[in-house]
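Trainee: One structure, pasted below without further comment.
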Amino acid sequence: MAEQDQSPVFQLQRMYLKDLSLEQPNSPQILLEQAQPQVDIQLGMAAEAIADGVFEASVTATVTTKVGDRTMFLIEAKQAGIFEIRNFPEDQVQAILGVVCPQTIYPYLRAIVSDVCTRAGFPPILLAEVNFQAMFEAQQQAQAGNGAN
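Going by my numbering, the sequence shown opens with residue 59, and the numbers climb by one from there.
What follows is the structure, encoded as structure tokens:
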């Protein structure tokens, strides 16, 4: 019975939209523009413990589209999930929070950004697939490099 208590647990408890913002500061005039807008997409990830063995992980997307120096629209969306992660070594917990949790959350964030664009009257923006494993490894290497200096 005690062995079952020590078996690794990874479970999604809840998925939710934590924050959403849409701004169209130059509408309706900018909607008449024929120029192709420039699109800038920034992604961010965060994770924190909220109870013993329970974590909130989130992925944030900031999508800015501009025509020249004027903003067409700005979307900020944060999708989050509550995950139960127990009985894993600490380095594996960090990898789960940095790779598996964002991979689970990201498809929902992609759908929200696309839907908000469409509902705002613009063509959908489809966020590209993200290699969270590569991002996590790069972050780990950067932290190791900073620790060595």
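For each residue, glycine too, the CB sits at the ideal point set by N, CA and C.
Only a predicted model underlies this, so the values are computations on that prediction, with no experimental measurement involved.
Taking the CB atoms as reference points, tell me whether Ile183 and Val125 lie closer together than 8 Å.
Mentor: The residue given as residue 183 occupies position 125 in the sequence shown. The residue given as residue 125 occupies position 67 in the sequence shown. Not in contact: Ile183 and Val125 (Cβ atoms no closer than 8 Å).
Trainee: Assuming the contact rule is C-beta atoms closer than 8 Å, Thr123 and Pro147 should be a hit. Round their C-beta distance to whole Å, please.
Mentor: Your numbering for residue 123 matches position 65 in the sequence shown. Your numbering for residue 147 matches position 89 in the sequence shown. So it is not a contact: roughly 43 Å between Cβ atoms.
Trainee: Report the partner residues of Val117 according to the DSSP bridge assignment.
Mentor: Here residue 117 refers to the residue found at position 59 when the sequence shown is read from its first residue. DSSP lists Met103 and Gln137 as partners of Val117.
Trainee: CA-CA distance, Gly111 and Pro66?
Mentor: Counting from one through the sequence shown, the residue named residue 111 turns up at place 53. Counting from one through the sequence shown, the residue named residue 66 turns up at place 8. When rounded, the distance between both Cα atoms is 11 Å.
Trainee: Going by alpha carbons, who is nearest to Ile170 out of Gln191, Lys136 and Met130?
Mentor: Sequence index remark: in the sequence shown, residue 170 carries index 112 (1-based). Taking only the C-alpha atoms, the option nearest Ile170 is Lys136.
Trainee: For Ala164, count neighbouring C-beta atoms within 10 Å of its own C-beta (all shown protein chains included) and say buried if the count is 16 or more, exposed if not.
Mentor: The residue given as residue 164 occupies position 106 in the sequence shown. Here the sequence assigns Tyr to residue 164, which means Ala is not the residue at that position. Classification of Tyr164: buried, given that the 10 Å Cβ count is 16 or more.
Trainee: Keeping to the same chain, check which residues put their C-beta closer than 8 Å to that of Asp173; ignore five residues upstream and five downstream.
Mentor: One-based indexing of the sequence shown puts residue 173 at position 115. The residues are Pro182.
Trainee: In three-state DSSP terms, what is Leu184?
Mentor: Against the sequence shown, residue 184 aligns to sequence position 126. Correct three-state label for Leu184: coil.
Trainee: Run through DSSP, which three-state label would Glu142 get?
Mentor: Counting from one through the sequence shown, the residue named residue 142 turns up at place 84. Looking at Glu142 - three-state DSSP - the assignment turns out to be strand.
Trainee: Which residue from Ile140, Asp127 and Gln92 puts its Cα closest to that of Gln69?
Mentor: Taking the first residue of the sequence shown as position 1, residue 69 is located at position 11. Nearest of Ile140, Asp127 and Gln92 to Gln69, Cα basis: Ile140.
Trainee: Looking only at C-alpha atoms, which of Gln191, Leu80, Asn204 and Phe190 sits nearest to Glu134?
Mentor: Reading the sequence shown from its first residue, position 76 is the one you call residue 134. For Glu134, the nearest C-alpha among the options comes from Leu80.
Trainee: Which residue wins for smallest C-alpha separation from Cys159, given the options Asp149, Phe113, Phe131 and Arg168?
Mentor: Here the question's residue 159 lines up with position 101 in the sequence shown. Of Asp149, Phe113, Phe131 and Arg168, the residue nearest in Cα terms is Phe113.
Trainee: Beta-carbon within less than 7 Å of Phe194's beta-carbon, same chain only, minus the 5 sequence neighbours each way: which residues are those?
Mentor: As a position in the sequence shown, residue 194 is number 136, starting the count at 1. Excluding residues within five positions, the ones whose Cβ falls inside 7 Å are Ala153, Gly156 and Val157.
Trainee: Output the boundary residues of the beta strand (DSSP E) element that contains Ser79.
Mentor: The residue given as residue 79 occupies position 21 in the sequence shown. Taken as a continuous stretch (DSSP letters only), the beta strand (DSSP E) holding Ser79 covers Val67 to Glu81.
Trainee: Residues in the same chain with beta-carbon distance under 6 Å from Met103, minus the five sequence neighbours each way, listed in chain order, please.
Mentor: Reading the sequence shown from its first residue, position 45 is the one you call residue 103. So the qualifying residues of the chain are Val117 and Pro160.
Trainee: To which residues of the same chain is Ala119 closer than 6 Å at the C-beta, ignoring the five residues directly before and after it?
Mentor: Working through the sequence shown from its first residue, we reach residue 119 at position 61. Answer for Ala119: Leu101, Ala135, Leu167 and Val171, listed in chain order.
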